[in-house]
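**Q** Right, I'll just put the structure down here and ask away after.
Number of protein chains: 2
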Amino acid sequence: MQSILLVAHGSRREASNNEVRRRVARLQTTAAPLQRDVRAAFLERASPSIPDGIQQCIDAGATEVTVLPYFLSAGRHVAADIPHQVRIKQDEHPDIKISIAPYLGSAAAIDDVLLSLV
Amino acid sequence: MQSILLVAHGSRREASNNEVRRRVARLQTTAAPLQRDVRAAFLERASPSIPDGIQQCIDAGATEVTVLPYFLSAGRHVAADIPHQVRIKQDEHPDIKISIAPYLGSAAAIDDVLLSLV
Numbered sequence: 122m123q124s125i126l127l128v129a130h131g132s133r134r135e136a137s138n139n140e141v142r143r144r145v146a147r148l149q150t151t152a153a154p155l156q157r158d159v160r161a162a163f164l165e166r167a168s169p170s171i172p173d174g175i176q177q178c179i180d181a182g183a184t185e186v187t188v189l190p191y192f193l194s195a196g197r198h199v200a201a202d203i204p205h206q207v208r209i210k211q212d213e214h215p216d217i218k219i220s221i222a223p224y225l226g227s228a229a230a231i232d233d234v235l236l237s238l239v
Numbered sequence: 122m123q124s125i126l127l128v129a130h131g132s133r134r135e136a137s138n139n140e141v142r143r144r145v146a147r148l149q150t151t152a153a154p155l156q157r158d159v160r161a162a163f164l165e166r167a168s169p170s171i172p173d174g175i176q177q178c179i180d181a182g183a184t185e186v187t188v189l190p191y192f193l194s195a196g197r198h199v200a201a202d203i204p205h206q207v208r209i210k211q212d213e214h215p216d217i218k219i220s221i222a223p224y225l226g227s228a229a230a231i232d233d234v235l236l237s238l239v
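Written as structure tokens, this is what we have:
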């Protein structure tokens with residue numbers, strides 16, 4: 122099974138973290154018929170952490186985990202912090218394929234989403 | 122003319138601000154045939170500020186400015202800081218219609234963009 126782990130920054134404001142969790146709940150509905158499991162994790166300030174989130178995917182039966190950065194820009198978090206935390210779990214579980222998808226802000230399709238909001 | 126002002130948080134990391142400016146340049150190409158002008162502004166740490174960005178729109182001939190928050194969650198920035206700065210310019214220019222569009226993260230279409238990245 123493939124798990125998708127949506128990784129957000131995490132906020133002291135729990136309502137923002139819950140907004141991410143609601144998005145994941147919607148994605149889970151879309152992804153379930155495709156035999157995919159979708160979960161949330163947070164870089165900091167909220168739970169689960171990235172390593173704990175990856176572990177939850179593995180415990181649920183994932184053989185492949187795709188980490189999906191819910192970030193708009195390619196800053197240090199996307200370039201270094203997320204890969205660092207993913208590497209720790211990859212070393213612990215060499216039998217699981219853990220990859221990192223392009224971050225949200227890199228998607229050209231965001232342009233159309235933005236114009237649709239106006 | 123309608124101007125769209127894409128408002129991002131702003132980063133100390135200039136590459137992140139330039140990523141926003143590149144998105145705006147692409148949106149400008151899409152929007153120009155629709156007689157729309159698209160510009161960038163930043164809540165903090167980068168230029169132009171929101172008031173300066175709105176002023177640039179007006180100076181370019183906008184009669185209507187739509188502020189589009191480039192934010193993923195409905196935190197204090199979206200709920201209070203952006204409206205506060207917009208209100209200052211609206212009071213200065215009662216003849217210009219300045220509105221705030223829903224923030225990016227509120228768009229359900231983001232779900233599809235996320236799944237397309239996996």
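Protein sequence lines, in the order shown, are assigned to chains F and C. Okay, so the first sequence: first residue is 122 according to the working numbering, each after it adds one. Okay, so the second sequence: first residue is 122 according to the working numbering, each after it adds one. Don't be surprised by glycine CBs; every beta carbon is placed ideally from N, CA and C.
(1) Using Cβ-Cβ distances below 9 Å, what residues of the segment 203-223 of chain F are close to chain C?
(2) Compare the C-beta of Glu-140(C) with all C-beta atoms of chain F and state if any pair is closer than 8 Å.
(3) Have a look at Leu-193(F), Asp-216(F), Leu-126(F) and flag the residue whose alpha-carbon is nearest the alpha-carbon of Ser-132(C).
(4) Run through chain F and tell me which residues come within less than 7 Å of Val-186(C), C-beta to C-beta.
(5) For chain C, check one thing: does any of its Cβ atoms lie closer than 8 Å to the Cβ of Ala-137(F)?
(6) Does any C-beta atom of chain F lie closer than 8 Å to the C-beta of Ala-181(C)?
(7) Against chain F, with Cβ distances strictly below 8 Å, would Ile-175(C) count as a contact?
(8) On the criterion of 16 or more Cβ atoms from any shown chain inside 10 Å, does Glu-277(F) qualify as buried, or is it exposed?
(9) Using DSSP's beta-bridge definition, name the partner residues of Asp-241(F).
**A** In this structure, then:
(1) Here the close residues are Ala-222, Pro-223.
(2) It does: the Cβ of Glu-140(C) has a partner Cβ on chain F nearer than 8 Å.
(3) Nearest C-alpha to Ser-132(C) among Leu-193(F), Asp-216(F), Leu-126(F): Leu-193(F).
(4) Under the 7 Å cutoff, chain F gives no residues; its nearest Cβ is about 11 Å from Val-186(C).
(5) The amino acid occupying residue 137(F) in the given sequence is Ser; Ala does not appear at that position. So yes, Ser-137(F) belongs to the interface.
(6) Contacts with chain F at 8 Å (Cβ-Cβ) do not include Ala-181(C).
(7) The beta carbon of Ile-175(C) sits no closer than 8 Å to any beta carbon of chain F.
(8) This structure cannot settle anything about residue 277(F), because the visible part of chain F is limited to 122 through 239.
(9) The first residue shown for chain F is 122 and the last is 239, placing residue 241(F) beyond what the model contains.
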